[in-house]
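The number in the working numbering is simply the position in the sequence shown, starting from 1, with 484 added.
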Amino acid sequence: SLLRRSKDVSDPYVTVDTVSKGKKTARLIKTSVIHDDLNPTWRESFNISLCHEADSLFFCVKDLDIVATDFMGSMSIRIEDVLKGDEIEGWYPLQGKSGKPAGEIEIRMRYTSTENLTKTNEVPDVIFPMRTGCTFVPYQDAVTPAVPPITDVISSRTGTNYQPPNCWVDQLKAINAAEKFIYIWGWAVWADLELLRDDDTKKWETLGDILKRKSKEGVRILIMVWDEAMSTDVYPVGLMGTHDEQTFKYFQGTDVTVFKCPRKKHKTGMGDAFMAATTYTHHQKGILLDAAVDGDASKRRVVGFMGGIDITDGRYDTPEHSLFATLKTKHKNDFYCGVTPSNTGDVGPRQPWHDIHCYYEGPVALDLLANFENRWKTQNSDDYHKLLPITDARGFALDWSKQPGPDEWNMQFFRSINSDSVHFDTTILDKINVRKGRRYDDSIQKAYIHHIRRAKRYIYIENQYFLGSCHAWLVHETLKAPN
485 SLLRRSKDVS DPYVTVDTVS KGKKTARLIK TSVIHDDLNP TWRESFNISL
535 CHEADSLFFC VKDLDIVATD FMGSMSIRIE DVLKGDEIEG WYPLQGKSGK
585 PAGEIEIRMR YTSTENLTKT NEVPDVIFPM RTGCTFVPYQ DAVTPAVPPI
635 TDVISSRTGT NYQPPNCWVD QLKAINAAEK FIYIWGWAVW ADLELLRDDD
685 TKKWETLGDI LKRKSKEGVR ILIMVWDEAM STDVYPVGLM GTHDEQTFKY
735 FQGTDVTVFK CPRKKHKTGM GDAFMAATTY THHQKGILLD AAVDGDASKR
785 RVVGFMGGID ITDGRYDTPE HSLFATLKTK HKNDFYCGVT PSNTGDVGPR
835 QPWHDIHCYY EGPVALDLLA NFENRWKTQN SDDYHKLLPI TDARGFALDW
885 SKQPGPDEWN MQFFRSINSD SVHFDTTILD KINVRKGRRY DDSIQKAYIH
935 HIRRAKRYIY IENQYFLGSC HAWLVHETLK APN
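So this is what it looks like as structure tokens:
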């Protein structure tokens, strides 16, 4: 090490890269750093999706220093040996810069072909398995009116005109019907939001009014919203306009609990921690609540909504995406234009908003509940006791599922999250990856890869953000985008 402490020996970590034609092309692995140890033990496992042109895998042991990173030793494994499918296990000699012996490294790895990984629709090696007996309702935009040309479509099942579901209308109905709990989490939550805007001559009830009313009925209400670092008591609007400070203050003194959830990065330097708090967000958007069980008034079941539409300003829109026509009606209290902030509600235009969302019920709802409860316990341990016990003893039908039929769906829950935000039980460590000492659930990426590999006829991708795999680019192929 260039800067040594009294007990400093080395701070080793390992990287693994693909090599093609004598050149490193993609970083596949970076382990955690083990400080002050010449005999480190990592015991870290990785599940890597490979679609790279490569001749070999290059294992490099490095010494992390404050000023520079030192090379300690390396070794390579030929791809042709990997593709045999046999387990590769044992101690491999490392070579230093001069080619002299530099110790040994123990590894164990096995290659599994795409054919063996993609035999079923279920994505393997992830935390949440595929669930049967679920209900799924997809939504396009916050509101989809039953008007032509949408209703011109004739349903193949019923033979009648298609009646589109309405996301915010269904959410409002579900919230009003909840009797035990309502959990809301998102990038932004706005208490002044009006979910139902049916009659322009009436004053619409806001989300804040509704939740206060439900809390007075004895419903447990927890809200987890991203804590934008730039929004403060002095400047509550902040940089991103997420309303976290305003929503927190709105519910102060009520039975509604609002947790401003920061994006923390543990086990890192002050610079990285500040970067994470001010730049990175929590982007899950969902609602969990209880609903009736048909035929059993004594029981309740868990249902929910999840997707891309926050319950905040600017999201109310239809497939028509009117820029001016609704300024004095549907958007009279909800003008939003983040693209050109100088625009006003008097003249417009407003910013249109297109996204998708879904409703779900059945066994998959308990996976979403586990996700929320885990995040709440990990990131807001002071209010751990406010989580409502969702048990059979509390009157919940935890074994409820949709009866077999045309409305039954198989569903699988995926997410992108790490151990800064959730606690991973030791029983599922074989299903997550580790990078720089953090454990990652990257099942969304695994799901993309799994189903792209299974595709036989076409691939359709619609995404707000899309970044390809830099190792396949003609230029800048070494950037940190090795997807």
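Glycine is no exception: its CB is placed at the ideal position from the N, C-alpha and C atoms.
By the CB criterion at 9 angstroms, Phe612 and Ser927 fall inside the cutoff. Each residue's CA atom was taken as its position, placing Glu599 and Tyr932 some 16 angstroms apart.
Close CB contacts of Asn902 within its chain, under the 8 angstroms cut and outside five residues either way in sequence, are with Arg922, Arg923, Tyr924, Asp925 (chain order). The continuous alpha helix (DSSP H) containing Gly755 extends over residues 754 to 763.
For the options Gly574, Cys954, Val959, the alpha carbon positioned closest to that of His536 is the one of Cys954. Closest option to Lys696, judged by alpha-carbon separation, among Asp554, Lys514, Asp676: Asp676. If the five residues before and after Asp570 are omitted, its C-beta is found closer than 8 angstroms to the C-beta atoms of Arg594, all from its own chain and listed in chain order.
In the DSSP assignment, Asp851 falls within the unbroken alpha helix (DSSP H) covering 847 to 863. Just measuring C-alpha positions, the residue of Phe897, Leu601, Trp669, Lys505 sitting nearest Asp539 is Lys505.
The continuous beta strand (DSSP E) containing Tyr924 extends over residues 922 to 926.
Put simply, of Val500, Asp801, Phe789 the residue whose alpha carbon is nearest the alpha carbon of Ala626 is Asp801.
The segment 704 to 718 makes contact with the segment 756 to 767: 3 or more CB pairs, one atom from each, lie closer than 8 angstroms.
Apart from the 5 residues on each side of it in sequence, Leu951 sits with its Cβ closer than 6 angstroms to the Cβ of Ala965 in its chain, given in chain order.
The shortest CA-to-CA distance from His869 to any of Val500, Ile705, Val517, Asp609 is the one to Ile705. With fewer than 16 other Cβ atoms from the protein chains shown falling within 10 Å of its own Cβ, Val823 counts as exposed.
Per DSSP, Cys745 is one residue of the beta strand (DSSP E) stretching across 741 to 745. Looking at Lys700, Ser558, Thr553, Gly879, the one whose alpha-carbon comes closest to that of Cys544 is Ser558.
Bridge partners of Phe530 according to DSSP: none are assigned.
If you ignore the 5 residues before and after Gly617, its C-beta comes within less than 7 angstroms of the C-beta of Gly846, Pro847, Ser885, Lys886, Glu892, all in its own chain and listed in chain order.
Taking the CA atoms as reference points, Lys700 sits about 59 angstroms from Ile591. As a beta-bridge residue in DSSP terms, Pro577 pairs with Glu588. Rounded to the nearest whole angstrom, the CA to CA distance from Val906 to Arg747 is 12 angstroms.
Taking 9 angstroms as the cut-off, the Cβ atoms of Asp547 and Ser494 count as close. The Cβ neighbour count for Val831, taken over all protein chains shown within 10 Å, is under 16; the residue is labelled exposed. The Cβ-Cβ distance between Ser529 and Leu913 falls below 9 angstroms.
Here Leu773 is not near Ala877, since their CB atoms are 9 angstroms or more apart.
For Asp554, DSSP records a beta bridge to Asp547.
Under DSSP, the beta-bridge partners assigned to Ala510 are Thr502.
In the assembly as shown, Asp501 is a buried residue. Its beta-carbon has 16 or more other beta-carbons within 10 Å. Leu773 carries a strand assignment under DSSP once its states are collapsed to helix, strand and coil.
Around Lys581, the same chain offers Phe555 as residues with beta carbons nearer than 7 angstroms, after the five sequence neighbours per side are excluded.
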